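Peer 1: Have a look at this one.
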Amino acid sequence: MQEKIIILDFGSQTTQLIGRRVRELNVYCEIVPYNKFPQGDASVKGVILSGSPFSVYDESAFKIDLNEIRGKYPILGICYGAQFIAYTNGGKVEPAGSREYGRAHLASFDKNNVLFKGVKENTQVWMSHGDTITAIPESFKTIASTDKVKIAAYQVEGEKMWGVQFHPEVFHSEDGTQMLKNFVVEVCGCRQDWSAASFIETTVAQLKEQLGDDKVVLGLSGGVDSSVAAVLLNRAIGKNLTCIFVDHGMLRKDEFKNVLHDYECLGLNVIGVDASAKFFAELAGVTEPEKKRKIIGKGFIDVFDEEAHKIKDVKWLAQGTIYPDCIESLSITGTVIKSHHNVGGLPEKMNLKLCEPLRLLFKDEVRRVGRELGMPEHLITRHPFPGPGLAVRILGDITPEKVSILQDADDIFIQGLRNWKVKDAGGNETTLYHQVWQAGVILLPVQSVGVMGDERTYERAVALRAVTSTDAMTADWAHLPYEFLGKVSNDIINKVKGVNRVTYDISSKPPSTIEWE
Ligand code: XMP
Numbered sequence: 001m002q003e004k005i006i007i008l009d010f011g012s013q014t015t016q017l018i019g020r021r022v023r024e025l026n027v028y029c030e031i032v033p034y035n036k037f038p039q040g041d042a043s044v045k046g047v048i049l050s051g052s053p054f055s056v057y058d059e060s061a062f063k064i065d066l067n068e069i070r071g072k073y074p075i076l077g078i079c080y081g082a083q084f085i086a087y088t089n090g091g092k093v094e095p096a097g098s099r100e101y102g103r104a105h106l107a108s109f110d111k112n113n114v115l116f117k118g119v120k121e122n123t124q125v126w127m128s129h130g131d132t133i134t135a136i137p138e139s140f141k142t143i144a145s146t147d148k149v150k151i152a153a154y155q156v157e158g159e160k161m162w163g164v165q166f167h168p169e170v171f172h173s174e175d176g177t178q179m180l181k182n183f184v185v186e187v188c189g190c191r192q193d194w195s196a197a198s199f200i201e202t203t204v205a206q207l208k209e210q211l212g213d214d215k216v217v218l219g220l221s222g223g224v225d226s227s228v229a230a231v232l233l234n235r236a237i238g239k240n241l242t243c244i245f246v247d248h249g250m251l252r253k254d255e256f257k258n259v260l261h262d263y264e265c266l267g268l269n270v271i272g273v274d275a276s277a278k279f280f281a282e283l284a285g286v287t288e289p290e291k292k293r294k295i296i297g298k299g300f301i302d303v304f305d306e307e308a309h310k311i312k313d314v315k316w317l318a319q320g321t322i323y324p325d326c327i328e329s330l331s332i333t334g335t336v337i338k339s340h341h342n343v344g345g346l347p348e349k350m351n352l353k354l355c356e357p358l359r360l361l362f363k364d365e366v367r368r369v370g371r372e373l374g375m376p377e378h379l380i381t382r383h384p385f386p387g388p389g390l391a392v393r394i395l396g397d398i399t400p401e402k403v404s405i406l407q408d409a410d411d412i413f414i415q416g417l418r419n420w421k422v423k424d425a426g427g428n429e430t431t432l433y434h435q436v437w438q439a440g441v442i443l444l445p446v447q448s449v450g451v452m453g454d455e456r457t458y459e460r461a462v463a464l465r466a467v468t469s470t471d472a473m474t475a476d477w478a479h480l481p482y483e484f485l486g487k488v489s490n491d492i493i494n495k496v497k498g499v500n501r502v503t504y505d506i507s508s509k510p511p512s513t514i515e516w517e
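Quick look at the structure:
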């Protein structure tokens, strides 16, 4: 049985981070809404209560009956979680004099407490709270303090229940991972045997049982998630899996051909469909970004549906949905605002059962599984690419000629990033491509004057976009070397007919978005 830690989500922005940290310890965990504890699940080894945007004394604050888990599992409350445990046991929680945010140090802590095993003196922790615990019940013992926060951590005496005011899951809490490890390994007794290899073994066995001799279709996009899902399913059910890869004409230069070749080398049963003429016809004259998206989304479903119907007796639709798409996020009213996100409305249209083998994995775990499955590194480390492709990077209407110009400029930029060697923070050799989250070129709807040789030109301008990010929710523009930008600019202007000006986008997200449309 796969043992697990349950993280009860009270709506904090860092709840997913807690999950990632625990998984990095090779311990499996699941994030569930605060009021959906899986009662009776024998594989649960411990519970973590997350932070929250609420104060414990708010009338609408998220509350649970602690007695349902107390004494049955070890419990660790983080921030609001710690305040909630203290408050509901008769402690006092009050607004902090000033909101405490940022770095702090544990000026003193109980070195003999298991939670602090291996933690260095005066360790830095990350605080982010408007309230603070000012008094704890008699049966609680303060086990750590900072200069400003007397009750920075406590343990309930004689019980396996702790509370920490700071956020051990945040990178800036230097020994935060060690503390989480102490909780999940030393206290909860988790074995740390959750790994890419163990995931593959159990998932392949589950898929075999779930799917039997049924036939499955899967839409490949060229991206890492759908590709890993396909290879995993292929290992479980082989030729009963048919993959469909649709070219809507807005992919990168040679991408359809190259990725199709990669898929075939991986032994996948894959049908490549060139539907670009249909998409170009439907997109002609359309300039409004959301309309472009709708046309491509619907066109994709139609093509996929038509191809899938050519295969007899298909019962399942497989998708590369990953964990961040599935976690039920809570709105401030306590209602679940995202219970499930499935791509493009396909399942409804096709009346097939849904199979999502990666639905419990974070993105970095998907990559690890891909490596373990022996997939080529260039498929695993590919940048994200939007479903509508270059259509949302051509401002204004789309024509095959504009797509071709953009493909050439984009290819120079991407290959340039791949070829430019740099050292990472640890001194290891890498490339600019691997250092940025995502990059691409945007074709602007302006022309400007230039001079080439003795000729006056009046041609298009493009913008280069490269960002660093961890989840695409926020992003910073990548500080690429000037020398590199200069070379790419030169190469594009000299080699791509129709472009005489290159700009670099230095906007962060928010307020800008990664894509221009
Ligand atoms: P934005 O532009 O919203 O992009 O900052 C965030 C991430 O989402 C990708 N993106 C899309 N992906 N269909 C997709 O499948 C879309 O319509 C779409 N729009 C944006 C974008 O490339 C980035 O990774």
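For what it's worth, full-length UniProt numbering labels the leading residue of the sequence shown as 1, then goes sequentially. Glycine included, C-beta positions come from ideal geometry on N, C-alpha and C. Just so we're clear, the structure is a prediction, and the values are computed from it rather than from any experiment.
Nearest to V41 by alpha carbon, out of C29, L49, S52, G51?
Peer 2: Locating residue 41 in the sequence shown gives position 41, where the first residue counts as 1. According to the sequence shown, residue 41 is Asp rather than Val. It is C29 whose Cα lies nearest to the Cα of D41.
Peer 1: Using three-state DSSP, classify V499 as helix, strand or coil.
Peer 2: Stepping through the sequence shown from its first residue, residue 499 is reached at position 499. In this structure, V499 counts as strand in the three-state DSSP scheme.
Peer 1: Whether or not the segment 239 to 254 and the segment 293 to 308 are in contact is what I'm after, with contact meaning three or more pairs of Cβ atoms, one per stretch, closer than 8 Å; do they touch?
Peer 2: As far as the Cβ criterion goes, the segment 293 to 308 touches the segment 239 to 254, which means the pair count is three or higher.
Peer 1: Quick one: measure Cβ to Cβ for D11 and S52, integer angstroms, because I've assumed they're closer than 8 Å.
Peer 2: As a first step, residue 11 is located in the sequence shown; it is residue number 11 there, counting from the start. As a first step, residue 52 is located in the sequence shown; it is residue number 52 there, counting from the start. Per the sequence shown, residue 11 should be read as Gly rather than Asp. About 5 Å; that satisfies the 8 Å criterion.
Peer 1: Here's the rule: buried if 16 or more other CB atoms are within 10 angstroms of the residue's CB, otherwise exposed. What is P33?
Peer 2: Looking up residue 33 in the sequence shown gives position 33. Classification for P33: buried.
Peer 1: Sorry if obvious, but does the Cβ on I442 come closer than 7 Å to a heavy atom of ligand 1?
Peer 2: Here the question's residue 442 lines up with position 442 in the sequence shown. No; taking the cut-off as 7 Å, the Cβ of I442 has no heavy atom of ligand 1 nearer than that.
Peer 1: Exposed or buried, what is V366 when buried is set at 16 or more other beta-carbons lying within 10 Å of its beta-carbon?
Peer 2: Taking the sequence shown and counting its residues from 1, one reaches residue 366 at position 366. So V366 ends up on the buried side.
Peer 1: Hey, would you say the C-beta of Q438 is under 7 Å away from at least one heavy atom of ligand 1?
Peer 2: Counting from one through the sequence shown, the residue named residue 438 turns up at place 438. The answer is yes for Q438.
Peer 1: Does at least one heavy atom of ligand 1 sit under 7 Å from the Cβ of R393?
Peer 2: Against the sequence shown, residue 393 aligns to sequence position 393. False, no ligand heavy atom lies under 7 Å from that Cβ.
Peer 1: If you scan the segment 203 to 231 from start to end, which runs of the beta strand (DSSP E) of 3 or more residues do you find wholly inside it?
Peer 2: The segment 203 to 231 contains these whole beta strand (DSSP E) runs: 215 to 220.
Peer 1: Nearer than 7 Å: is that true of the beta carbon of G387 relative to any heavy atom of ligand 1?
Peer 2: As a working mapping, residue 387 is identified with position 387 in the sequence shown. Yes - ligand 1 has a heavy atom lying nearer than 7 Å to the Cβ of G387.
Peer 1: Should the segment 383 to 402 be called in touch with the segment 483 to 490, which here means at least 3 C-beta pairs below 8 Å?
Peer 2: No, because fewer than three Cβ pairs between the segment 383 to 402 and the segment 483 to 490 fall closer than 8 Å, the two stretches do not touch.
Peer 1: With DSSP run on the structure shown, which of helix, strand or coil describes T123?
Peer 2: Within the sequence shown, residue 123 is the residue found at index 123, counting from 1. T123 falls in the coil class under three-state DSSP.
Peer 1: Note down the Cα distance separating E515 from F166, rounded to an integer number of angstroms.
Peer 2: The residue labelled residue 515 in the question sits at position 515 within the sequence shown. The residue labelled residue 166 in the question sits at position 166 within the sequence shown. Distance between the alpha carbons of E515 and F166: 35 Å.
Peer 1: I412 and V403: beta carbons closer than 8 Å?
Peer 2: Working through the sequence shown from its first residue, we reach residue 412 at position 412. Working through the sequence shown from its first residue, we reach residue 403 at position 403. Against a cut-off of 8 Å, the Cβ pair of V403 and I412 comes out as no contact.
Peer 1: Taking all protein chains shown into account, decide if F171 is buried (16 or more other Cβ within 10 angstroms of its Cβ) or exposed.
Peer 2: Along the sequence shown, read from residue 1 onward, the residue named residue 171 stands at position 171. Exposed is the call here.
Peer 1: From what residue to what residue does the alpha helix (DSSP H) around S52 run?
Peer 2: Here residue 52 refers to the residue found at position 52 when the sequence shown is read from its first residue. Taken as a continuous stretch (DSSP letters only), S52 belongs to no alpha helix (DSSP H), as it is neither H nor E.
Peer 1: Only counting the same chain, and skipping five residues up and downstream in sequence, which positions put a Cβ closer than 6 Å to that of A135?
Peer 2: By 1-based counting over the sequence shown, the position of residue 135 is 135. Only G91, K92 meet the Cβ criterion.
Peer 1: Rounded to the nearest angstrom, what separates Q13 and G163 at their Cα positions?
Peer 2: Residue numbering aside, residue 13 sits at position 13 when the sequence shown is read from its first letter. Residue numbering aside, residue 163 sits at position 163 when the sequence shown is read from its first letter. In a straight line, the C-alpha of Q13 is about 18 Å away from that of G163.
Peer 1: Determine, using beta-carbon pairs with one atom in the segment 432 to 450 and one in the segment 470 to 482, whether at least three such pairs fall under 8 Å.
Peer 2: Touching, yes, given that three or more Cβ pairs across the two stretches are closer than 8 Å.
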